[in-house]
Structures are given as structure tokens and as C-alpha cells.
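The structure under discussion appears below in the form of C-alpha cells.
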Amino acid sequence: MEYFTISLFNGVVYGLLLFMVSAGLTLIFGMMGVLNFAHASFYMVGAYLAYSLQKIFGFWPAIVLAALLVGILGMVVEAFFLRRVHRYGHAHELLLTFGLAFIIAELVKLFYGNYPLNYRVPDALNFAAFQVFGTDYPVYRLLMGGISIGMFILIYLLLTRTRVGIVVRSAIYRPRMAEALGHNVPLVFMGVFGVGAALAGLAGAVAGAFYTTNPNMALELGVIVFVVVVVGGLGSLEGAMLASLLIGLISSFAVGIDLSLIDFFGLFGAREWAESVGGVLALKISSLSATIPFALMLLILLVRPSGLMGEKS
Amino acid sequence: MYPSKKLFACLLVLCGVFFATASFGASLKVAIVESLSGPQASTGLLYRTATQYGLDLVNEKGGWNGQPIELLEYDNQGGVTGASEKVKAAIADGAQIIVQGASSAVGGQVTEDVRKHNLRNPGKEVIYMNVGAEAMELTGAKAHFHQFRFSPNAEIRVKALIAAMKEADVLGSRVYAMNQNYSWGMDVEKAVVENADDGGYKVVEKTLHDTNKIQDFSPYVAKIKAADVDTVITGNWSNDLLLLMKAAQSAGLDVRFGTAFLDQPGNIANAGETALGHYVAHPFNMEAAGKAGEEFGKEYKAKTGHYPTYVEPQTVFAMNMLGEALKNVKAEGDSLKVNDLVVAMEKVKYKSPMGEMSMRSEDHQVLLPVAVSVVSKDAKFKVDGTDMGFKPVKVLSAEEAAAPVQEATNIKRPK
Amino acid sequence: MKVSRLVLYVAVAVAILVVLPAFLSHSLVNAVNQMLIAALFACAFNILCGQGGMLSFGHSAYFAIGSFATLHAMGVMSSESLLPTPLLPLAGALVGLMVGLVAGWFSTQRTGVYFSMITLALAELLHTIAPHLRGLFGGEAGISSMRMPALGITFGSDIHVYYLTLAWVVAAVGAMYFLTFTPLGRLIFALRENTHRLRFLGYNVHNLGTITFALSAMFSGIAGGLQAITIETSNYSAFEMHLSAEVLLNAYIGGVQVFFGPLIGAGVMTFFGNAVSDMTRNWLLYKGIIFVLVMMFMPTGIAGLLKLLGESFRKYSLPLLVPALLLSVVSTILLTMGTVFTVEMMQRGLSQDYQMLARAAGSAGPPPILLFGREWFPGSLITWLLSLGLLVGGGFFVWFSRSRWKMLKETDEDESVLLPKLGDGSGKAGLNKRENV
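Residue numbers (this note's numbering), protein chains in the order written: chain F, 1 to 313; chain W, 314 to 728; chain P, 729 to 1165.
In C-alpha cells, the structure reads:
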């Protein structure tokens, strides 16, 4: 029970963090059909900017400013880079974001050096919110979760309840039709890209203080955000939320499960045979916690490619 | 575009090197094959700085054969493929010694490449100086006559950690082994288990987790919590170490960490107060090394801008040992006879600021003193611009720290 | 088509490659060896990507599998080799083909971005599982073996390996080129152009996709096998995502619309990495900049650029063309110099160690930075004026050369022929055809 409760808490908060990063990615994909490989780089830039700004403005203003700046960066990327390449096809857009990810990572190293920075949770926030079975639960984790949930609600309402949201959604489904109706679709694209980037930047600014801020941040997050987006359904915000939580929980629970396929075969009395085969069968689930998300993604793609919540196939 | 211009520059440099070397007699070239770019560059660049510094010291004392030793730099681009290619390039460019340290996987590749090259080109052997790849098998099953390891390994580090932590009475009786799931982590885990009797503790649980893939360590902290231990021994490095310690701290877990790589630059800055009270076993501690250590540190800083830390000291010591060995090797004809150098290296007794170092001839593993330190605000030298530093707890002499030769080791000596 | 001309070009290229080792140093021969392997890999990748219109994100998997298979055939830890050394890449080809059939069957269930994501998931699965399967992949240290003498050749020296690689690459690329003329090759093109029509005509599109995938994986496996023969080891890092990305980028930089494009792209970029990585630690930044520039301004890649040049030479008289070309070259050189100088200066000046030294120097002012054999003062205006001047000058020449090209085009009535037909060409290959779904 103790293990279950703690894992549940941990998994949910980690999932919520994943959502913060992937929300922007899924929006951008839904709208522009671009798999943005530079998205995790926005996350990293958010953390680095927040680190620099907090020295001047303090922690909270720095986080907001960092998110805004990353949003502007995103808009610049969309307007001056992606839009130019758009007519050459999706592959070019994708490779462009690849190149940008390279450039951003190297520039970060150029300006901030190769080592982790001393960007930390401010002391005022570094205390335990409550105790679960004798383990402190840091208030900052709750905060991260709270920000993520707030973000989700805000975007959801924005998309479903406001006029802007209607235009955005129509631009997602039928960009040409929306344009024909007189909406400025390029502006909408730029806006969505900016908001998506800003969300990633916000996630980076918040999480960078809790985890580590280092030049490999983007790489570490890497493909897992793509997994979230695909599992949830490309372009679906609710799906991204669901998938994030799912993956957060899986990676949290898998750690404690020391079972392997041998145990599974043991149920049918084939333990000895399985042990003699070894190899894949002997792998413990706990050592595979990084593998499971990819297996899940593969399964989803083969069984239900539109993802858990996606509408388009 | 770039290639043509760079190629031109490259050709010019090559010509320059050619003419520069053509006009003199026998000289020695040392090649460093490291990750100088990409995600692993931070460590690779430290090795480069330290190798350059160490060779400069040797050259100040006259180099070899009356000529300065030349350092060639190659970027292995972070992978084994690049390393293999660059080792070949280095040998083709006339390097007789290959220096490499970051990553045991790359180290395994380099040592194999060197071994194969030497098999195929008798009389034109090269040496691999391993200054930091710590996987046991490199001086075990993969050991050969032309490789040397100048860094400690898993067994040495764990043994030292446990001896010092036990003496300081902070080890406790319940220990958790938390390691990365690859050869280095497994070696550490094995060493923790093997040392249980000496340390008088019980290994309550051991975990191998994915390497550099985990963002959130709180599930692992939950496991540590559930195991109710006093000490966690971990070989984790870089982000895996930082995240683990931070997760433990934020969960309010009262355990002590015994680590191998806490002194990596940036770690203390990033971890902050979280790092206080945790232990590290490392080959050099400026405070522990006394006056000689301080002198070494200051000189190093004057040239490179920072105190020697992490993998740098062992690399500088390695170059000094090379310098000592070279004193006893005469030029024969036009070049250095590598096999003579290997024999000379086995006989070197070098006194580093930490104490005497030597090369064991059975497996070519260096025997070196190891310091165990605790992160503290009382430390004499602060690191990373914080008010904390590494306060020495105990220094083990080379003999005390040594681990036995592995059974798998079988170095075939040329006749 | 001017097949005879093409044969001539290829013959000349091969002849050059054959005599090359006589003129190059050992390390350069090794570099060319790597270029050949990368070129073969990119070409194999392009069967799927350029010709079949399926963008794979996980192609390093088949390369890696080929190299592991070849190593196992070479005999890991034992001296016994299953095949004589020159035939070893066959093992890579065979296993690549088989794995490709399975992976292809799964991946080609879907199209567009879903296809890409499946390939990515497969590669990542292998990447995360491989280090745990010590028997097959040897843990993180990988497996290693040794080339054995065969047919009276020792295969001990790099030159032997080079000729072995060359022979295999020429044969494999020849086979791939021949494939494009076979009915199957034509069907692969059709797969890219219009699957609906293909289905109407009675073809099984899924099977066809699987075969295409498997062929591509097979040739990738050969490339992996050659790599294994060259470096005699392999480890799980060969499954890494960034290798998949690299082959993709190489193919696009060369130009996926032309058969020989990826070959050129991979060769050039491999050489770039090889040469520049030893010179500057910022080479990844330059690489990133090149990617972005190529995607933005040279969407048809190097092959497209060469084509454009060829057409220009045919169309315009030299007196008109040469100034425009010269201006382009000058602008490129100036911008390159400006960028390189600025980046290198900044990297040195901003490095933590230099900052420490500068602080230690105190009132004496920051020490000079050694760059390109000269001392530069980061505090002095001249340093930064130079970098600014180079960049602005380059920018000016870009503008100048552009107007010159425009003038050229205006002299031409039929300008549409000359314009690189970008939207047209790659639009057809539009890999994530959203309109179609």
C-alpha cells in the first residue's frame, strides 16, 4: 500500500510534467502537421533563460518571462524559418527543426558551458507539503502538478469556449477552408507555434529548477514526448493529458516490479525451460522501465493509430 | 563552403607539421582520442586540458630524446565508430601513444583496436593509455600488453569508500547499491556485495537502472525508503547522480550517499546543500595532499583557469608517469621502441602529491593512493563557486587501496 | 536519357576511387572508406525515402543489425568464421533482409507520419533492449571480432579493407541503380506517387511496401556489415536515434529526388564531420547551420544545385554567368569566414576557463585569445568590427549576387525551366500527405 501510494503520487506528477512539454507539441502537430524536433530544445531554453532571469527578477517573474521569451522565439522560428520551408513539404520542415535543435543545443553550450547550472528551487519553496508513510512530499512537486493542471484547463477552455479557440480549431481541421472564410491562418499558425513553444519553455523553467539544468536536457527528454503525443493521438490535447499520466504511472510503477517473463512461464510450469532460454525472457520489468513506453507506442500505432483520444486517422 | 576552406587549412597545417618534423630526429607523438563535441564533450574536454597540461610539464623537463612530445587531438564524436576511425587516423599520423578516458565502451573499442593493430603490425606497436575508462574488464579479460589504466576502478573506489566510511562510523549496517545498468554499474554493485564482510554491513537491496534515461528518480527513492537503509553506495555519474541525490533530499530521506563521481564539475553547484554530508572516493584531494597538492593545484589553475578536479588529476599523473618512464627509454634508430616503453612503465615509481604510484605488471592497472572526502562547508578549497568543498576523511595508500588482479587477466608478453 | 554520359561519369568516379589510395595518406583512405559506407547507407535509405516516399526515423536499426550479424558471422571470441572475409557482408544483407521483412510488414501497415513513428518506436525498442541482451549484442561494451585472411589476402591493412568496401559499395549501388529500371523499381516509384491508383491496378500495396522496406533494410545491412568489417566491433549505440537522423539528413542534403544525391550528401557530410571535428569543438553548430541553410535555400540538395549549375552553363553565355557565380562564391566565403570567426571568438571568450583567467588578470585586462595563429583581444573594437564587417560584407554580396541572378533570369524568356522546381518535386514526395488521409 505504501509503495502503491507513493508510486501513484510520483507517477501522476511526472506525467503532469510530461504533459506540460507535450501539450505544445501536440497542438503544433495537430495544426501544422509538423513533428517539431526542436520542441524539447524550447524546454531547455526555458530552463536556461529562467536561470539567467531569476538573478535579476526573482524566481516567479523569471519563470513567466522565460516562458514569454521562449514563446517569442517559437514565433520567430515559425515565421522566419518554418514558413519559408513549408512549400517544400513536411520532410523539409521536420529536418529544419532537427537542424534548429542542433543549433540551440550548441548555442546553449557556447553561452552557459558544458556543466549543470546551479539553478535550484528557491529555499522558500523547498519544504515538505505533507508526509506519506513517513516520506516527505515536496511542495514543489505539487506546484509543478498544479501548474500543469491549470495549464490544461486554461488551454482547454480557450480552445472550446472562445472565439479564438474556434478559429484555431477550424484552422486545425480545414486550414484552407478557414482561410477562405477570411481568417488569417498564417497568424493563427504563428500564434499556436508561439504558445506551444511558450508552454514547453514554462515546463523547462519550472522543471529545470527541480531536476537539473544542463545542456543535455533536451536530449534526455528526447523522444519520450513524441511517445506521449502519438499515444495520446496526434493533435489531441486530452489525449496528451491521458497519455502523459499513463506513461508517468508506468515508469513509476515499473521500477518496483522485479518480475520477468520467466515468472510468467513459471505460472504454467515452464520455469525451467524459460530459464534455460534466458535472453529476453530473463529481463526484469524494472530494468525495462525505459522500454515500455516505446512498446506501448508501437502497440497503439498498430492497433489504433489515431491514438487513445485522437479523432483523425 | 566550409569543407573546402577547412580542407585547405588542414592541408596547410599538415604540410607545416610535415616540414616541422621532417627536419628533426626521432620524436614522440601522443594522440588524445576523446569526445570533444556533442553531449559527452564536458568530460572529454577535461581529459584534453589535463593531458595537454601534463605533457607540457614533461616537455618543460626536456620532453623525450631532446625534443618536445607532440600532442595530436582527435574528436571521436562521442561514439565507438568515431573512436575506431580516429585511432586509425592517429596511428597513421604517426602517434605511438593513444590517450583516452571518457566512456568504458569507447575504451573497450580503443583497447581492442590497439591490440589488433599491434598483432598485425609487429614492430610498429602503439600503446593505449587509459586515463579514465573504469570497467573492470579493461584490466581483466580485455587486458593486453600494450594497455595501461591510470585511473582507479570500481573495486578500488568501493573498497576505499567503505574503509573510510566505516572508520568515520557513518556507514551503518544496512546498505543499498544503486547503480546504472551497464558494466560499470554492475562492477560497482559486485564490489559492494564483495566488501560486505569487511565493511560489516548487509546489502539490503541492489538496483540497476537505465543509464542517463531517467528524469524522475522518485520511484527509486521510494524503493530506498522501503528498504530502510543507512547508506546508498552508487557509481552513478553526471545527471543520474544529481537527480538521485536531489530526489532523495526532497523526499526528506535521511541516508548517506557514498559515490564515485561526486566531484564532477557542476555537481556541487547544482545540488547545493543537498550534497552536504555525502562521500566520494577520488584519486586526488587538494587539501589531503598537503603542500604539494596545493602547489600542484595552484599551478594548474594558473594555466587552465580552474583547480584540477574529477578526472584531471589522474590524467596529469599519468602523463608524469609517462615522462618518468620515457627517461629510461633511449631512441633507437629513428623512433621510440614501444615495447621498451611498456617495460619501463612497469618499473616506474612516481611520487604524486598524493603519494607513491606505480604500475602493476600483471594487469597494467595503476596502483595509486585514493582519498575519501565528504562534502562540507569546512573544506579548505571550495568548488564550483559555492561555499562547499571536499573535506578529506581518509587517504588510502596505493597498497591499501589496491584490489587483487582479476582471474580473467592474462597478459601475453612478447618474447 | 544520356545513359552513356552517366556511365562515363560513374566510370571516372570509380576509377578515381580505385587509384586514390596511391595518393592519399592512411588516415585519408580510412576517411574515404567511411564516406563510402555512409554513402551506401544513405543510398539504401533512399530506396525507402526518396523512391518509395516513406520517411523512416529508425533506419540505424537495420544498419546496426547488419553489423552485428556480420560480426557474429566473423566469429565472436572464437577464430572460426562462417564465411570467408570478402563475403561477410552477405550475412549483414541476409539478416537485414529478414529483419526488414518483419519490421517492414509492421511499419507499412500505416502511412505518412504514423509510418515514421512506427520505425522510430522499433528502433528505440531495440536501442533500449539491446544492452540487456548480452549474448546477442554484448552489453554496452559490444561484441568484437577479427578479420581473418582469405583468398591469400590478409585483410590486415586498411588498404585491403578499403578495396573490399569499394567493391561492395560499387556492386550494391549498381544493383540499386539497376533496380530502379526493373518493374519492381517502377512500382516503388508508383508507391510514392499514387498508392490509390496502384491499388486500383490490382497491386497489393502493403506487400509492395514491405518488399521496398526489406530491400532498403538489406542494403543498409550490407553497409552495416562493411562497417563491422572496418572497425571489427559493434555496440548497442549503433541503434541510436541520432544515427537514424544523420542518414536522413545526409540523404536530404544530397537531394533525395536524384538517385546519386544521397551518395553525394553522405560523402560530403561524412568528410565534413571527419575533417572539421578535429579542428573545432563547435563543429556540431556548423553542422546545424548547414542543415538549416540547406533546408531553407537549397531544398533540392547538392544534386539540385549541381543540376541548376549545369542548366545555367547551358543556358547563359559565360560572360553573363561568371560574374553572378563569382559573386555567389564570394558571398559564401565571406559569410562563412564571418560566422566561423564570430563563433570561435565567442566560444573561446565565453568559456569558463577563459573567464577565470580574465578575472585573475584583473587590471591588466583580459588576456588575448589565440585564434588562426593570431592574438585577438576580446575587449578591442577591431576584433568585433572584423567579424561584423565580414558578416555585413557577406550579406551585401548575397544581395548583390541575388540581383545579378535575377537579371540573368530576366534575360531569359523561358525562366520557368531554370527555376528549381522545388514545390513540384518534393511536393509529390510530400511524405505526410495530410490531404490524402
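Backbone N, C-alpha and C define an ideal beta-carbon position, used for all residues, glycine too.
The model shown is predicted, which means the values in this text are computed figures rather than measured ones.
| Asked | Found |
| --- | --- |
| If you drop the 5 nearest sequence neighbours on each side, which residues of the same chain put their C-beta closer than 7 Å to that of Val85 (chain F)? | His92, Glu93 and Leu96 |
| What is the residue span of the beta strand (DSSP E) that Ala684 (chain W) lies within? | Val683 to Ser689 |
| Looking at the C-beta of Pro116 (chain F), does it have a partner C-beta in chain W at a distance below 8 Å? | yes |
| For Val1020 (chain P), which residues in chain F fall below 8 Å Cβ to Cβ? | Phe81, Leu96, Gly99, Leu100 and Ile103 |
| Which residues, in order along the segment 1081 to 1100 of chain P, keep a beta-carbon less than 8 Å from a beta-carbon of chain C? | You won't find chain C in this structure, because its protein chains are F, W and P. |
| Quick one: is His619 (chain W) buried, meaning 16 or more other Cβ sit within 10 Å of its Cβ, or exposed? | buried |
| Return the CA-CA distance between Pro293 (chain F) and Leu18 (chain F), expressed in angstroms with no decimal places. | 13 Å |
| Between the segment 933 to 947 of chain P and the segment 764 to 777 of chain P, do at least 3 Cβ pairs fall closer than 8 Å? | yes |
| For Val255 (chain F), decide whether its Cβ has a neighbour in chain W, counting only Cβ atoms nearer than 8 Å. | yes |
| Which runs of the alpha helix (DSSP H) fall wholly inside the segment 408 to 491 of chain W and span at least 4 residues, in chain order? | 417 to 433 and 467 to 480 |
| Apply the 10 Å Cβ neighbour rule to Arg733 (chain P) and answer buried if 16 or more other Cβ atoms are within range, or exposed otherwise. | exposed |
| Strictly below 9 Å CB to CB, what residues from chain P border Tyr464 (chain W)? | Note that residue 464 (chain W) corresponds to Ser in the displayed sequence, not to Tyr. Within chain P, no residue comes near Ser464 (chain W); the closest Cβ sits about 17 Å away, beyond 9 Å. |
| Sort W:Leu521, W:Lys695 and W:Val346 by Cα distance to Thr740 (chain W) and report the nearest one. | With chain W covering only 314 through 728, there is no way to say anything about residue 740 (chain W). |
| With DSSP as the reference, label Pro705 (chain W) as helix, strand or coil. | strand |
| For Ile28 (chain F), tell me which candidate among F:Ala209, F:Pro186, F:Tyr3 and F:Leu281 has the shortest Cα-Cα distance. | F:Pro186 |
| Between which residues of its own chain and Leu199 (chain F) is the CB-CB distance below 7 Å, once the five residues before and five after are set aside? | Met20, Ala23, Gly24 and Met151 |
| Scan the segment 590 to 614 of chain W for residues whose Cβ lies nearer than 7 Å to a Cβ of chain F and list them as they occur along the chain. | none |
| Pick out the complete beta strand (DSSP E) segments inside the segment 1017 to 1063 of chain P, 3 residues or longer, and give them in chain order. | none |
| By the 7 Å beta-carbon criterion, what residues does the segment 290 to 308 of chain F contribute toward chain P? | Ala290, Thr291, Phe294, Ala295, Met297, Leu298, Leu301, Leu302 and Pro305 |
| Let me know the secondary structure DSSP gives Asp258 (chain F) once reduced to three states. | coil |
| Can you pull the DSSP bridge partners for Leu680 (chain W)? | W:Ser671 |
| Buried or exposed for Thr160 (chain F), please, with buried defined as at least 16 other CB atoms from any protein chain shown within 10 angstroms of its CB. | exposed |
| When the Cα atoms are used, what is the spatial distance from Ala1186 (chain P) to Pro814 (chain P)? | Outside the displayed span of chain P (729 to 1165) sits residue 1186 (chain P), for which this structure offers no information. |
| List the residues of chain P that Val393 (chain W) touches, going by C-beta distances under 7 Å, in chain order. | Gly870, Thr961, Asn963 and Ser965 |
| Can you tell me which of the three DSSP states His522 (chain W) falls into? | strand |
| Does the beta carbon of Lys319 (chain W) come closer than 8 Å to any beta carbon on chain F? | Note on Lys319 (chain W): pLDDT 47, under 50, position unreliable in the model; no value is reported. |
| Roughly how many angstroms lie between the CA atoms of Gly780 (chain P) and Asn922 (chain P), to the nearest whole one? | 10 Å |
| Since Tyr119 (chain F) contacts Tyr43 (chain F) with CB under 8 Å, what's their CB separation in whole angstroms? | At roughly 14 Å, the Cβ-Cβ gap does not stay under 8 Å, so Tyr119 (chain F) and Tyr43 (chain F) are not in contact. |
| Going along chain P in order, which residues have a C-beta closer than 7 Å to the C-beta of Arg84 (chain F)? | Met1024 |
| Report yes if the C-beta distance between Tyr489 (chain W) and Ala540 (chain W) is below 8 Å; otherwise report no. | yes |
| Rounded to whole angstroms, how far is the Cβ of Ile1030 (chain P) from the Cβ of Gly982 (chain P), which I believe are closer than 8 Å? | 5 Å |
| Output, in chain order, the set of chain P residues within a Cβ distance shorter than 9 Å of Leu484 (chain W). | Those do not exist, as Leu484 (chain W) stays about 30 Å from chain P at its closest Cβ, beyond 9 Å. |
| Give a yes or no on whether 8 Å exceeds the smallest Cβ distance from Leu219 (chain F) to chain W. | yes |
| Asp523 (chain W) touches chain F at which residues, Cβ-Cβ below 8 Å? | Ser287, Ser289 and Ala290 |
| How many angstroms separate the CA atom of His888 (chain P) from the CA atom of Met876 (chain P)? | 12 Å |
| Give the secondary structure of Gly510 (chain W) by DSSP, where H, G and I count as helix, E and B as strand, and everything else as coil. | Reading off the sequence, residue 510 (chain W) comes out as Asp, not Gly. The answer is helix: DSSP assigns Asp510 (chain W) an H, G or I state. |
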